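Here is the structure we will look at, set down as structure tokens.
4 protein chains.
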Amino acid sequence: MNIKDTNIIGHYINGEFLEPSSEMQTVYNPALGIGKKKVLLADENTVEQAIRCAHVAFPIWRDTPVAKRTKVMFKFKQLLEENMEYLCELIGQEHGKISHDAMGEIQRGIENIEYACSAPELLKGEFSKNVGTNIDSWSEFQPLGIVAGITPFNFPAMVPLWMFPMAIVCGNCFILKPSEKTPSAALFLAELLTQAGLPKGVFNVVNGNKIAVDYLLQHNLIQAISFVGSTSIASYIYETATKFGKRCQALGGAKNHAVVLPDADLDNVANSLLGAAFGSSGERCMALSVVIAVGDHIADTLVKKLKIEIEKLKVGIHSNTHNDFGPLISKEHKEKVEYYITKAEEEGAEIVVDGRDTKPLGYENGFFVGATLMDKISPNMESYQHEIFGPVLQIIRVESIQQAMQIINNHTYGNGTCLYTKDGEAARYFSTHIQVGMVGINVPLPVPVAYHSFGGWKKSLFGDLYAYGPDSVRFYTHRKTITQRWVSKNFIEEKQFSMPT
Amino acid sequence: MNIKDTNIIGHYINGEFLEPSSEMQTVYNPALGIGKKKVLLADENTVEQAIRCAHVAFPIWRDTPVAKRTKVMFKFKQLLEENMEYLCELIGQEHGKISHDAMGEIQRGIENIEYACSAPELLKGEFSKNVGTNIDSWSEFQPLGIVAGITPFNFPAMVPLWMFPMAIVCGNCFILKPSEKTPSAALFLAELLTQAGLPKGVFNVVNGNKIAVDYLLQHNLIQAISFVGSTSIASYIYETATKFGKRCQALGGAKNHAVVLPDADLDNVANSLLGAAFGSSGERCMALSVVIAVGDHIADTLVKKLKIEIEKLKVGIHSNTHNDFGPLISKEHKEKVEYYITKAEEEGAEIVVDGRDTKPLGYENGFFVGATLMDKISPNMESYQHEIFGPVLQIIRVESIQQAMQIINNHTYGNGTCLYTKDGEAARYFSTHIQVGMVGINVPLPVPVAYHSFGGWKKSLFGDLYAYGPDSVRFYTHRKTITQRWVSKNFIEEKQFSMPT
Amino acid sequence: MNIKDTNIIGHYINGEFLEPSSEMQTVYNPALGIGKKKVLLADENTVEQAIRCAHVAFPIWRDTPVAKRTKVMFKFKQLLEENMEYLCELIGQEHGKISHDAMGEIQRGIENIEYACSAPELLKGEFSKNVGTNIDSWSEFQPLGIVAGITPFNFPAMVPLWMFPMAIVCGNCFILKPSEKTPSAALFLAELLTQAGLPKGVFNVVNGNKIAVDYLLQHNLIQAISFVGSTSIASYIYETATKFGKRCQALGGAKNHAVVLPDADLDNVANSLLGAAFGSSGERCMALSVVIAVGDHIADTLVKKLKIEIEKLKVGIHSNTHNDFGPLISKEHKEKVEYYITKAEEEGAEIVVDGRDTKPLGYENGFFVGATLMDKISPNMESYQHEIFGPVLQIIRVESIQQAMQIINNHTYGNGTCLYTKDGEAARYFSTHIQVGMVGINVPLPVPVAYHSFGGWKKSLFGDLYAYGPDSVRFYTHRKTITQRWVSKNFIEEKQFSMPT
Amino acid sequence: MNIKDTNIIGHYINGEFLEPSSEMQTVYNPALGIGKKKVLLADENTVEQAIRCAHVAFPIWRDTPVAKRTKVMFKFKQLLEENMEYLCELIGQEHGKISHDAMGEIQRGIENIEYACSAPELLKGEFSKNVGTNIDSWSEFQPLGIVAGITPFNFPAMVPLWMFPMAIVCGNCFILKPSEKTPSAALFLAELLTQAGLPKGVFNVVNGNKIAVDYLLQHNLIQAISFVGSTSIASYIYETATKFGKRCQALGGAKNHAVVLPDADLDNVANSLLGAAFGSSGERCMALSVVIAVGDHIADTLVKKLKIEIEKLKVGIHSNTHNDFGPLISKEHKEKVEYYITKAEEEGAEIVVDGRDTKPLGYENGFFVGATLMDKISPNMESYQHEIFGPVLQIIRVESIQQAMQIINNHTYGNGTCLYTKDGEAARYFSTHIQVGMVGINVPLPVPVAYHSFGGWKKSLFGDLYAYGPDSVRFYTHRKTITQRWVSKNFIEEKQFSMPT
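Chains as they are written, first to last, in the UniProt record's numbering: chain X, 1 to 501; chain S, 1 to 501; chain Z, 1 to 501; chain H, 1 to 501.
Printed below as a string of structure tokens:
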């Protein structure tokens, strides 16, 4: 039996699918508005079982040479590449994102596996000869034990792949709690890992809700928690995990601004903003949701160009690759997004393109909101202060780059941002002084590549080490420093090793 | 006015000594059992004042080239070397440690300044050419803003020096809350920093108690907290700082074991244990407080040798360099240490040398406990389960190295440990499998040198990045990742820069 | 057509096999003593053709994002794993090494490909913010252009794989001149690279002799030379390549000593020495060819144990995996090895096991020398002073480790060495003070893993950067340092980007 | 006796000044055209003596803990800062450079000492746990032994400081052969090193000519050569040093171009070019000697602005800080520079400002050439193809940035270059594709800071590792890789360390 054969989505523990009788929840196809699949929600016993299996697997995995651990990742990459289409379909059915978008997500995930294949390099400790006379000292980066990842619905494959490949090559065992809205991708990845030769118990998936999360947060065998989700939950996760003495990195919400300077090429800007704002229905923590135009002329021109292009965008089912983006994840979320649009309207924003009441033919029950463009947004509007997480682009008008930067620096979040310009000095000034962790210059979605690390500032990230890349190596290991002296005076002076005569 | 001229110990804020009228507390000379000095305990207004000054100083300090920031540290090192004796005296009067011991503490502290002088190397970001076609990406490690250090009584100079030199060269402003029992060293360091050219407001000292600490923990301008102290407070600090969204590293208690294998040279072992166990009255988080002897023969011999040597040890006033160690920090602490000795005796331990009721001539009111050796300790005794933090060495007897390691791995703490052996395999087996962060092989106090990082495992450290060394650079900075593309197609193909004709 | 279909071994240039009419040389099967295949020897025109193709391919390959270049290596690794058996057979036919030995060689080679997959990490430059006020500086490691590798007969696959995967992922084009005695493996690797998606012209193989080598050494488009072979040729290569202004790393000969201390476990020692001394007929630059026994008792016991084991060893054809090792590479080389044995005998060595006149049944014309053990070697013997490069193990007897180390330090070569002991101090003393680049402690063939670098000292390596591993990244790139300032005073103070009003 | 007391400039060997009777040569004050001092030219015996002392000093220095070696550099920095003015005077008298210029030189040199103080960080080896089961491997970077530096007249303090601080903290002994035209600075540095606590024999200075150089190049105890000078000598040094099996880095000549794009701010450009072209009389390997103006309008404007400013420049004696630059180093060199000006004139260049026949009042016999500006230079002129190394700025006019870059890429040298622009894309295109090692964007003298490395491409540098910075650490050490296994099976399974019963 495998993930392909069933509508009951269980857990993956100790190298096997597991479907204990327990509470269930419907998994919707958001384009259809209905759900045939059901996901099991782990109770505490099930989570405990996963932890126990990981605990048993850990000592052998920890002592497996890193090059051997890495070989599993090389193979996993190959298998994942061979199964990309199937995984796209799984993601599309539960999340609704168009296939080409899911393909991009998986590709990004694979790059994290590729980086994990650098583990022999990344895990090198530092060796110092003669820290004192005849004393050497060195560091080793040893795995923590069992670490857990709690991941969001919007990247069912990529965000887990940010975490577990590196955690695992570092020698840890991993327990993944994916979103209960999009659980299947994680299980399929688990299957491929086993095929790639990963010993059982090293990687486990438990589906569930707050019960499972809280059990993980409090369990004394869980050494570290990686989380990606909304800021309110991230804050709870960080506070709770650390209260129980764990290390924790918790990535939260965002409000990502693009600043458009007068010297920018507005055709390029408009084109690149479309994908950045509306791709994946804006359900990305790096989605570009606010444009700050410097000068009314820039704003007017840009709005005009964007309006034309936005009205051409197509929404619909994931499997039709002519669609530009799909539905939102749930009815509740659709309502929330529409609430923000309406609220902005009431507060004085100008709705240039209105995506409310979007009902693609044949998918009238889907959770769709169309691409929405709102001009004349001001920072005191409710819809500006919160992350909308939908296909909504807001325009703010200012007079100078300094004004634009002040608005950004005043926002609660500091995840990503982008500046459009041709000017080297503007770029350097902006990237130096903006209080945001990931900065694009003419790059609207400045997601760091897999060999750098992902992390925002302010309320966008709690913790000190960022997701994936070099930071994740340090996060998933603890340092051990050995100081060594060999002492018998006899040896050197008196030739202890000479033969007795 | 400076630190040398007064018995009222105030604060150092914005480049000046400050003595607002506020609550005071006596600072004892623990060898005399009396105190002439008084330390001011900051209220919230005073802490706020320090934070405000730091906040004003930050933008200019952040943008000062790193090489210039580093030059301040070069000069600070020089000044500190020139003033070592005075600083020793300050420490001796308040802490009681013998001058040669204080000298060692300062020397270790200076090595942290030296490492901070490597900042131009340590702060290098990672630059990747062509992460995509014509797209470059790089990381910058920018200072956090204002960070705070809360430090213990036992190393009035060294532990602050673990923290602020690196925090400051990274471009941060720093607020130090030293122990109210030994506050003067910090103020003297502040003075030297100003002499070395540090702009005012970059480094500030506030003396105080839990009121000051809590104010720092909750203030939204404080970005990070470094703490060294007991585990109960460390746990509180970590939980509270993280609850307020800050990054935090909190170092707590320890119970450091030495394992003596049958092949060890017992004369060397005995000699090296003396300083490790009794130096600074055992008031060190790396003090060697338990010896696990493998085999009764080893235990018997070692106890005999230790007894002879321990009975020769001298305790007394810090200024007499013939003394081996000084008093404990306070009357309360002396009573607690004596309680643990008495309790162990009641629970069946054998008191080989008894340090209770030690009253050096002329210092009968001092808080002294003499060197104490206890044999036949078992892991279930109360005095074993807790950190005694006094001049008490406990002996446990086992049959094998595995048994010894199991005892260590079962303890709550995992700070330091040491193995005595000549055998390469034993050393490697021990250092690999022991659940302790700092491991010595024939080195009883395996404190990592300044260019490595200090940190224990389990309840000895909360957080993911360790104190000083490479880890501290990452702790005191946040990563910013820039992704940059320059885009006008005109430039390359159409020679935008050629002259119009 | 491909490498599998012909007995004429040509070149691989610009993605294609090429067989220009030119001089030829027989490629022997050394176990049979005859050769059915012929290898073409490139004239200058052919080498020029390869260089020209590489020159054309370079600009596009250089500008291909490193992650894309790396993907070719991921695929190449997979293809090579799928074709290991065929490659073993190719190597066996021309070199004579037993299949399991060839398998090991390829496995080591694959590990170099795996390390090359870390290129995105390894190629990161260093970014420094504010080296002066508003001035940033960073380094980029750009490819050199065309680089060449000249490789020996004894590792037809592994030594090329030390070089070209890293050179290529760094963005260079590569010309390989393999040994004309074992040319086929290189051509097969070229085929697989093309299958893996490498653009044509990036990797080229030219077969040939000194004519080809000299042409490469003198050509101004060749930027760097990597060489592995004998010291006399290495010296010539280094002198000539540098004379023409190129960078060069030239690895030469070796005489690798094992020192056996009295505390070593002699059964283990004897077992591990067998493979180290006789594996691949001793035709390895890391072959363990001298044992220095500390104490006559050790020597006597070891010789006795070795004699018993050596007499059980089997030599023969590569395809019979019961054989322990195969023939030497040529008739001339067999004669040279036998000359050294005879010479040693004349100079007073004791021949414990004599491998001369070995004629395995059915392979009487093969170039075999059996495993040979010589005791009582002294450093002034001719056979000691030179690298024999055959299945000959020499025993030297000394009284102390210091004496042993002096002998090693006096030898011309400093490639590899090994100490057998249980003693931590001896290991540290030996590894610190021995004048040898690669040191084993209880590891007789201390070939560094692929993520470290390979290189000997003294006459074993000319150049400053070693083969493969981290050093090779620096060798195959040149550093470019950019210092950048953006300067218009207008921008910040006068808000150049605000709209004109 | 010290450097201050004599007009006979000898050697510094084994911690002492040495003045053996030998050949002498006059050291000129180039502003006066006469010389009171004489420098001794070492014969082979003197060089041999220096090498022997270094050889004796090496073993102890090598084994001195790196932190102790570094402390010497901290002290040396302090002493040098305290003696900057005296050193300026020494340099001024022999080289002629104006005091503020000498001050800058020394400051740059001190930054190299500061970087050498990072040695504990820089010398860390790489430690890999479990490269195989129970096998660890790590690298150590050990000093080479004795290394030599051969330095040019134009930076009597800075270029030696590029080399020996790092070589020495790495554990090497150093022999410096400074230019015989400006020898005193090196001797003064030697004195300060001794005062800073450097053991005798670790640093030695021999003055001399080709005899001394050749003796160093051929001596088998010299492990590495660092050279800075002209390309013809650099090429000879590289060829000869490598022929004798040494590692070598040899930095040669330059022709550094600035490209001025139409969007550049020409006032800024003109101002910054003055110092870059004429500072230190253009006797810098990073001097900006060619401006390529894109567009005639740019050229015309720039020439006009430059002419005005150049005519204000003052030349004269080093001690008058109102002077902008001083004399050339020698009569011969003055004649050569004037030859190139005359030759350019003959070949059709336009002499805008003519510095020939410059005779400052009171210094009529000095070797002065005034600032010279030549327009309408073409790449085929002799004066363009060679490095003039004088206060001569040449203007080339082109139509596009591509044309400008082609001219630069066609030149023999590839040391430094600069682009003036405001455009981010132009900057990135230029820095990516220009075949030059050190690139400035709006920075006319892009000398890398001390924590990066200095090196040009093409004929500007021979070797693979650059001067100072991270590269120099690798250059001055050889890698040793240890692979270690501890083996007795007894230990783990059979509890070898349990007590016999």
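C-beta: ideal position from N, C-alpha, C; glycine also.
Quick caveat, the model's predicted, so the values are computed rather than measured.
Asked: Going by alpha carbons, who is nearest to Tyr339/H out of Asp375/H, Ile317/H, Met381/H?; Found: Met381/H
Asked: In terms of residues, what are the limits of the beta strand (DSSP E) holding Met286/H?; Found: Where Met286/H is concerned, there is no enclosing beta strand (DSSP E), given that its DSSP letter is neither H nor E.
Asked: Determine the contact status of Asn209/H and Glu239/H, defining contact as a CB-CB distance below 8 Å.; Found: no
Asked: Please report how far the alpha carbon of Pro448/S lies from the alpha carbon of Phe127/X, in whole angstroms.; Found: 12 Å
Asked: State the DSSP-derived secondary structure class of Asn45/H, mapped to helix, strand or coil.; Found: helix
Asked: Below 8 Å, can you find three or more Cβ-Cβ pairs linking the stretch 5-14 of chain S to the stretch 49-57 of chain S?; Found: yes
Asked: Identify the contact partners of Asp423/S in chain Z, using a Cβ-Cβ distance below 9 Å as the criterion.; Found: Lys422, Asp423, Gly424
Asked: Count the other CB atoms within 10 Å of the CB of Glu493/X; is the residue buried (16 or more) or exposed (fewer)?; Found: With a pLDDT of only 36 at Glu493/X, under the threshold of 50, the placement of this residue in the model should not be trusted; the figure read from the coordinates follows. Burial call: exposed.
Asked: Quick check: what's the CA-CA separation for Leu465/Z versus Arg474/H?; Found: 8 Å
Asked: Which residues does DSSP list as the beta-bridge partners of residue 508/Z?; Found: Here chain Z comprises residues numbered 1 to 501, so residue 508/Z is not present and cannot be evaluated.
Asked: Going by the beta-carbon positions, is the gap between Lys376/H and Glu350/H smaller than 8 Å?; Found: yes
Asked: Check the Cβ of Trp138/S against every Cβ in chain Z and list those closer than 9 Å, keeping chain order.; Found: Lys124, Gly125, Phe127, Trp138
Asked: Residues of chain X with CB under 8 Å from Arg356/S, in chain order?; Found: Result: empty, since nearest Cβ-Cβ is about 34 Å, beyond 8 Å.
Asked: Between the stretch 414-432 of chain X and the stretch 256-263 of chain X, do three or more beta carbon pairs fall short of 8 Å?; Found: yes
Asked: Hey, out of Ile146/Z, Leu79/Z, Gly35/Z, whose CA is closest to Gln49/Z's CA?; Found: Ile146/Z
Asked: Considering Glu79/X, what are the terminal residues of the alpha helix (DSSP H) in which it resides?; Found: It is Leu, not Glu, that sits at residue 79/X in the sequence shown. Start and end: 66-82.
Asked: Return the residues of the stretch 433-444 of chain X that lie within a Cβ-Cβ distance of less than 8 Å from chain S, sorted by chain order.; Found: Val436, Gly437, Met438, Val439, Gly440, Ile441, Asn442, Val443
Asked: Quick one: complete beta strand (DSSP E) runs, 3+ long, within the stretch 178-231 of chain X?; Found: 203-205, 222-228
Asked: Quick one: is Glu19/H buried, meaning 16 or more other Cβ sit within 10 Å of its Cβ, or exposed?; Found: exposed
Asked: Note down, in chain order, every chain Z residue with its Cβ under 9 Å from the Cβ of Arg485/H.; Found: Gly440, Ile441, Asn442, Val443
Asked: Return the CA-CA distance between Asn7/Z and Phe430/Z, expressed in angstroms with no decimal places.; Found: 50 Å
Asked: Identify whether His257/X lies in helix, strand or coil by the three-state DSSP scheme.; Found: strand
Asked: So what does DSSP say about Arg428/X, is it helix, strand or coil?; Found: helix
Asked: Pick from Lys343/H, Asn112/H, Gly414/H: whose alpha carbon is nearest that of Pro120/S?; Found: Asn112/H
Asked: Who are the neighbours of Ala427/X on chain H, taking C-beta pairs under 7 Å?; Found: Gly424
Asked: Helix or strand or just coil, what does DSSP make of Asn409/S?; Found: helix
Asked: Tell whether a beta-carbon distance below 8 Å holds between Ile317/S and Ala42/S.; Found: no
Asked: Put Asp101/S into one of helix, strand or coil per three-state DSSP.; Found: helix
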